[in-house]
Amino acid sequence: MALLTLSSPHTHGPNQTSRIMLTVALATLPGLIALTWFFGWGTFINVVLASLVAVASEALVLKMRGYPVSFFLKDNTALVTGVLLGLALPPLGPWWVTVIATAFAIIFAKQIYGGMGNNPFNPAMVGYALVLISFPVEMTTNWAASFQATGNAAVGFVDAMSVIFAGTQTITDAFTGATPLDHYKHLISKETSEALLQDATFNGWLNAGWEWVNLGFLAGGLFLIWRRIISWHIPVSMLAALFLCSLMFGWDEDLYTPTYLHLLSGATMLGAFFIATDPVSASTTPTGKLIYGAGIGILLFVIRTWGAYPDAVAFAVLLMNFAAPFIDAYTQPRTYGHEKARRGLKPGDK
Amino acid sequence: MTHLIQLFDFDGGIHPAENKTQSNQRPVRKAPMPEELVLPLQQHIGAPADIIVTVGDTVLKGQVIAEPHGYVSAPLHAPTSGTVTAIEDRQVPHASGLSEICIVIRPDGNDTWIEHQSLCAELGVDDCDDITNDDLIKRIRDCGIAGLGGAGFPTAVKLNTGKHTIDTLILNGAECEPYITADDMLMRERAADVIRGAQILLQIIKAERCLIGVEDNKPEAIKALEDALLLHHEEHHIDVVTIPTKYPSGGEKQLIQILTGREVPSGGIPAQVGIVCQNVGTAAAVADAVDHGVPLISRITTVTGDAVTDKGNWEVLFGTPVSHLLEISGYKPEKKERVIMGGPMMGFALPSLDLPVVKTTNCLLAPTSKELPGNNPAMACIRCGMCATACPAGLLPQQLYWFSRAEELDKAEQHNLFDCIECGACSYVCPSEIPLVQYYRHTKGAIREERAAQEKAEQARQRFEARIARQEREQAEKDAKRKARAEAAAKTQNAKKDAPAKAAPAAKAEQTAAAASNPELEKLQKQLDGAQAAKVKTQEKLEAAKQDPEQADKVAVFEAALVKTQDKIKALAKDIAAAKKAAKAAEAAGTSGASDADKGDPNSPERLKKKWEMAQGRLDTALKRLAQAEEEGSDTVEALKEGIAKQQARVDEAKAAYEKAESGDAEGAVQTEPAAPVAADLTPKIQAQKDRVEKARERLEMAKSEGLETVPALEKAVNKQLEKLAALEAQASSGEA
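Protein chains in written order, with my numbering: chain P, 1 to 350; chain C, 1001 to 1737.
Encoded structure:
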């Protein structure tokens, strides 16, 4: 009579990695809906395409590595990477940009480092950074403009398919435009803020489409915090840092991008709640998360303001990924019964 | 209840399904007598008890069948009357699945008690308050009481708080583990005994107040305790404190934090922050022991889980087989059978059902696979940090996991792995279902092994160095003596050759030289003593630093200091040898001069005096060497002692002869004086030995409080030091006599 002898604890809570990842993917829905509503079907097609490529790449590598494919696919992490990449890429970019970014993210940024849990960098952002540097034209000229800016209706499904997969130039020209952040940054040296905001891209204040997209991601992010899937530390410190930096410089709207544009434009909310919070590559201690988030916020502002790129979530996150292990070592919490928390790791020290 | 107690919260914690209502719906029942009782000798933390019965003996209920071995140990009593049928290896309930020697008793069915009475009656006092602490603690020890909460630490040892002042007694009635209701039922049904136990414990540790912490999911128990408080008129000293239900609030450190806001220092014991913590069941057992003379022979055990039909609590005699208890509870095993001793969070799955119930068995959980599914295959860690949020000790479980997997033992230690209480909260919340606690246990074991190996190597090194140093010193001394003798002989030859007239002034000059060199020698000797004392001190500090992870960075410093001191000692020893050589030479010359002068009378008083002094000098050297040998634990101690005794005799003889010659009185021969210096010499040694005993005990306490594996070894060390002390004291008293 052999009895089961497992190590304690013998019971387990309801948490499951696969469920957590699925919830994260679903929490992007409000943002995705806003994107589709204002900017047409391009992003939706990208999300589906990227998800398929991500899962397929993951399955391929798992098979090559001799891992049980279905067991590891079930964790839904590849799905999340695909969804996030699809949301981040330009809505009307060519299909092969999405495929390259996603396949690179999964195969190189994730699996080659050892697969789930072992990647030091956020895979989605590695993929994004790769295509941003390699294909600057495709990555900057294919941003859909909201239907309010173009005066046309949002890009329909068929039009979007034909742009993405066939590169139909006439449609592209009709529906694309510079993103508000890009636009403001480049024209503020020539115009006053007041004149600039009358431009079609801004529609008096900020482009209504981008505002709703960011609010959509904010809603999804708050849902994740409420479900205790992410902690508040990284989003709050990142947004606070961005807010403070832009407040310091953006008070003069004739010189710098104003605060509300920073917060409610570009990938700010998507980055704060969905990308910076990727647990694998982020800092894990409570204090560390605050530092990590603040670092992203500051870098985001610095690159947006003085760098060559209009938006910078990918670079800011990747740079802080480098720092995460170091931050962790110096922000260990105080253990029960110890007067002080330990700082850092000294070799040979016990 | 009369006081408003401020509650504190501890970090982390989880809220697993409580599952307590299945087993706390009916009163505690007395489990029927099994066919045989199997009693392991070690049901507590510490040394196993020593068997004092033999196969075939008839024993009475409550009779001692094994006596405690050493300080941290507990005796064992027959749970019922019957016959000892076997003393043999049986599998014992331990996660290792090991077998140990057990006493097997076949009950005779009469359950005849041995004579027993309350401590008051035994001591013939009317009022329990008049009983001394020593008597109370002795009774608690004699009754074999060990912590009934789970760890099984001998209660008497825990009550011996030494130099710590205790202000608060905490009784742990939190029972935060899911499923278990043994303490709940005990508090409901034996509330008066719990309160009485608290009174006795308060009397022993001289604390001002007692806090009984009970989770708010046990309203009946709280009510019962409060009623008992009023009945005993103890509401001024004892408070029943309702604490929020959160696992692991019943962890000793966590409960202390909740009730007092204090934190037990890492690696320390609660007494260091003025607290003694006992389980409520232990308190009731203390009351039984003191008021009725009833030893610890049974306990309340919860039998629950969906694989048993009749869930509830049983009053179980120790030694009752698990299978018996399950059988009377209507156990219906599944294909994948699993029985857990303890709760689902910290209990361990039994390897077999033939194991006995022991002092720490608070629960037998027989779940169905639907109720508690076996662990799913672990997924990868995504560093989500949920474990860190759940950890009640403020650790970073995810980091510890990575270090454990990579076998980076030093990093795991730096991240305070040893502050992990293995509560399982991290594993419970882990979305990837990684068996984190299992990783930590493994890594802790690996680190302990590594430490033990290092310590062994270090000890071997020290022994070797001490031996080399001793050999060198002895050689140097021998050489010095030989040289001195040779020179003296040469001088005598010369003196004989020279004119006798020249001899006197020459001798005088030599004597002056000798006199001059003596203070020099004394000074060197003093320096040497100082250096040796410094060496001992540094060694102690080094040991302490090695034990204490906080001082880890100082180990190297102490080691360097030690080496330096040793060098100094060597140099000093050489100097002394040289000085001695000079002194000897001078002395020899002086003696030869004197002998020339008194050639005609070898028994002149001067000569005899010199003889006596020389003998005395040799004796002093021998005593010093003995002290040194003892310090190093050298095996020459016995030989040296013999030599000293002989030398002592010689000194006596010489002194007697001298005094006889001096006074011309024949009765001056009897001398009792020289024994006294020996006794006097021993006093500091005894003191030092006492210090050592104290130190060893302290270390033992620390180890015990942490539940380290080194406890038995340390215990042995304490005993050894005690033996040494006894030997010294005997020597001293014989010296005085």
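No residue lacks a Cβ here, since even glycine has one placed at the ideal position from N, Cα and C.
Using a C-beta to C-beta distance shorter than 7 Å, which residues of chain P count as neighbours of residue i?
{"i": "C:P1435", "result": "S7"}
{"i": "C:Q1398", "result": "T284"}
{"i": "C:C1381", "result": "G117"}
{"i": "C:S1329", "result": "Per Cβ cutoff of 7 Å: no residues; C:S1329 is ~17 Å from chain P at best."}
Counting only Cβ pairs nearer than 7 Å, list the residues of chain C close to residue i.
{"i": "P:R334", "result": "G1394"}
{"i": "P:Q169", "result": "Result: empty, since nearest Cβ-Cβ is about 43 Å, beyond 7 Å."}
{"i": "P:T17", "result": "M1379, I1382, P1431 and S1432"}
Which residue or residues does DSSP assign as beta-bridge partners of residue i?
{"i": "C:R1738", "result": "There is no way to answer for residue 1738 of chain C, as the model of chain C reaches only from 1001 to 1737."}
{"i": "C:R1029", "result": "C:W1314"}
{"i": "C:W1113", "result": "C:K1061"}
{"i": "C:M1702", "result": "Answer is none; C:M1702 lacks a bridge partner."}
{"i": "C:S1099", "result": "C:Q1091"}
{"i": "C:I1300", "result": "C:E1315"}
{"i": "C:Y1331", "result": "C:V1308"}
Helix, strand or coil, according to DSSP, for residue i in the structure here?
{"i": "P:W95", "result": "helix"}
{"i": "C:V1294", "result": "coil"}
{"i": "P:S246", "result": "helix"}
{"i": "C:N1376", "result": "coil"}
{"i": "C:A1283", "result": "helix"}
{"i": "C:M1341", "result": "strand"}
{"i": "C:L1255", "result": "helix"}
{"i": "C:F1558", "result": "helix"}
{"i": "P:A276", "result": "coil"}
{"i": "P:H338", "result": "coil"}
{"i": "P:H12", "result": "coil"}
{"i": "C:Q1278", "result": "strand"}
{"i": "C:A1594", "result": "The pLDDT assigned to C:A1594 is 44, lower than 50, so where the model puts this residue is not dependable; a value taken from the coordinates is nonetheless given after this. In the structure shown, C:A1594 sits in a helix (DSSP, three-state: H, G or I)."}
{"i": "C:S1073", "result": "strand"}
{"i": "C:D1306", "result": "coil"}
{"i": "C:C1426", "result": "helix"}
{"i": "C:A1406", "result": "coil"}
Looking at C-alpha atoms only, which residue of the options is the closest neighbour of residue i?
{"i": "P:G250", "options": "P:T277, P:V302 and P:N142", "result": "P:V302"}
{"i": "P:V61", "options": "P:T287, P:A88 and P:G114", "result": "P:G114"}
{"i": "P:T285", "options": "C:A1703, C:G1343 and C:C1384", "result": "C:C1384"}
{"i": "P:I107", "options": "P:V126, P:L89, P:P90 and P:T17", "result": "P:V126"}
{"i": "C:L1201", "options": "C:K1158, C:E1659 and C:A1556", "result": "C:K1158"}
{"i": "C:H1015", "options": "C:G1097, C:K1163, C:E1177 and C:E1088", "result": "C:E1177"}
{"i": "C:K1082", "options": "C:F1558, C:R1106 and C:V1557", "result": "For clarity, residue 1082 of chain C is Gly in the given sequence; the question names Lys instead. The candidate whose alpha carbon is nearest that of C:G1082 is C:R1106."}
{"i": "C:C1430", "options": "C:M1379, C:C1420, C:Q1043 and C:N1019", "result": "C:M1379"}
{"i": "P:A34", "options": "P:W226, P:L270, P:W96 and P:V53", "result": "P:L270"}
{"i": "P:P310", "options": "P:L300, P:A109, P:L318 and P:V317", "result": "P:L300"}
{"i": "C:V1125", "options": "C:D1291, C:R1090 and C:P1219", "result": "C:D1291"}
{"i": "C:Q1687", "options": "C:M1702, C:K1720, C:A1726 and C:V1711", "result": "C:A1726"}
What does residue i touch in chain P if you count any residue whose Cβ is under 9 Å from its own?
{"i": "C:L1372", "result": "H10, T11 and H12"}
{"i": "C:P1093", "result": "Chain P residues near C:P1093: none, gap ~12 Å exceeds 9 Å."}
{"i": "C:A1388", "result": "T284, T285, P286 and P333"}
Note down, in chain order, every chain P residue with its Cβ under 8 Å from the Cβ of residue i.
{"i": "C:Y1440", "result": "What C:Y1440 touches in chain P: nothing, since even the nearest Cβ is about 10 Å away."}
{"i": "C:D1419", "result": "T335, Y336, G337 and H338"}
{"i": "C:M1341", "result": "Residues of chain P passing the Cβ test: none, with the nearest at roughly 10 Å."}
{"i": "C:P1016", "result": "T11 and G13"}
{"i": "C:M1346", "result": "S8 and P9"}
{"i": "C:Y1428", "result": "P9, T11, H12 and G13"}
Does any C-beta atom of chain D lie closer than 8 Å to the C-beta of residue i?
{"i": "P:I20", "result": "Protein chains in the displayed structure are P and C, and chain D is not among them."}
Please list the partners that residue i has in chain C, where partner means a Cβ-to-Cβ separation under 9 Å.
{"i": "P:R342", "result": "Q1414, H1415 and N1416"}
Please identify, using Cβ separations under 8 Å, the residues of the segment 1231-1255 of chain C that lie next to chain P, in order along the chain. Those would be K1253, in chain order.
Taking a cut of 8 Å between CB atoms, which residues from the segment 100-119 of chain P lie near chain C? Taking 8 Å as the upper bound on Cβ-Cβ separation, chain C lies near residues G115, M116, G117 and N118 of the segment 100-119 of chain P.
Going along the segment 1257-1272 of chain C in order, which residues come within less than 8 Å of chain P, judged by CB to CB distance? Q1257, E1263, V1264, P1265, S1266, G1267 and G1268
Interfacial residues, the segment 210-238 of chain P to chain C, with Cβ spacing under 9 Å: R228, I229, I230 and S231
Using a Cβ-Cβ cut-off of less than 7 Å, list which residues of the segment 265-299 of chain P approach chain C; keep chain order. Of all residues in the segment 265-299 of chain P, P279, V280, T284 and T285 have a Cβ within less than 7 Å of some Cβ in chain C.
Can you pull out the residues from the segment 72-89 of chain P whose beta carbon lies closer than 7 Å to at least one beta carbon of chain C? D75
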